[in-house]
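Its first residue numbered 1, the sequence shown is counted upward by one per residue in the UniProt record's numbering. Note that beta-carbon positions come from the ideal geometry of N, C-alpha and C, so glycine has one too. Worksheet for the structure shown next.
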Amino acid sequence: MKKICIFGSCVSRDIIEYDMKNNFELIDYYARSSFASLASSAMIEQSVLDNIQSSFQKRMVLRDMDKSFIRKLKKMILIVY
């Protein structure tokens, strides 16, 4: 089984539901971000986070602010098809 991390939208994530042969295991999912955002410096604005009600959305915005995807990417073996 191939372990994958998705950096993209729910459309990218939802395709895993059609993996009938269970070829993939989703180990992490980064939504609500962009490659352009990754190029900027990390900056956490607590006041913004405090105004987000959804725990999922808050987690995704925090990950975008702290640029944690870059740290995770450095630890991954990257294979692009």
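Burial state of residue 18, where buried means 16 or more other Cβ atoms lie within 10 Å: A residue is called buried once 16 or more other Cβ atoms fall within 10 Å of its Cβ, and residue 18, having fewer, is exposed.
Separation of residue 8 from residue 20, as counted between CA atoms: 21 Å
Per-residue burial, residue 37 [other beta carbons within 10 Å of its own, 16 or more giving buried]: exposed
Cα-Cα separation, residue 130 to residue 6: Outside the displayed range of the chain (1 to 81) lies residue 130, so it cannot be described from this structure.
From 39, 32, 25, residue whose alpha carbon lies closest to that of residue 71: Looking from the CA of residue 71, the closest CA among 39, 32, 25 belongs to 39.
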